[in-house]
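In the numbering used here, the protein residues as written are 4 to 104. Inspection log for the structure reproduced underneath, given as structure tokens.
So, in structure tokens, the structure goes:
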């Protein structure tokens, strides 16, 4: 089986995610900033559900640390993931809309 560029992207995203997870463990004060970055990495790897969970955790950490910038970034990651999900849901229906009469 030949590796495709998409496989390489996913492997790189997995490696970067592991690095970010280790960094968060060693630097709890950076959890909010690294959390939403981790959400972006997971989304790039095609793991939208895990990305959303990481962004929600980052929002909670930002609230705890009183970090409004990081809270806003995590909120934006969640919002963008919601748009992607809605786009895929509407593309899956034959008429292109989420509900058909």
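Using N, Cα and C, we set each Cβ at its ideal position, and we do this for glycine too. It should be emphasised that the depicted structure is a prediction, and the values quoted were computed from it without experimental measurement.
Measuring straight from C-alpha to C-alpha, what distance separates residue i and residue j?
i          : j          : result
residue 14 : residue 70 : 31 Å
residue 64 : residue 34 : 6 Å
residue 60 : residue 31 : 13 Å
residue 46 : residue 62 : 16 Å
residue 80 : residue 50 : 13 Å
residue 22 : residue 57 : 15 Å
residue 25 : residue 44 : 14 Å
residue 19 : residue 83 : 21 Å
residue 40 : residue 53 : 12 Å
residue 16 : residue 55 : 16 Å
residue 48 : residue 36 : 19 Å
residue 78 : residue 12 : 25 Å
Any idea if residue i is buried or exposed, counting beta-carbon neighbours within 10 angstroms, 16 or more meaning buried?
i          : result
residue 10 : exposed
residue 73 : buried
residue 76 : buried
residue 86 : exposed
residue 38 : buried
residue 67 : exposed
residue 42 : buried
Complete runs of the alpha helix (DSSP H) confined to the stretch 24-84 [at least 4 residues]: If we require 4 residues or more, the alpha helix (DSSP H) runs fully inside the stretch 24-84 come out as 34-47, 51-68.
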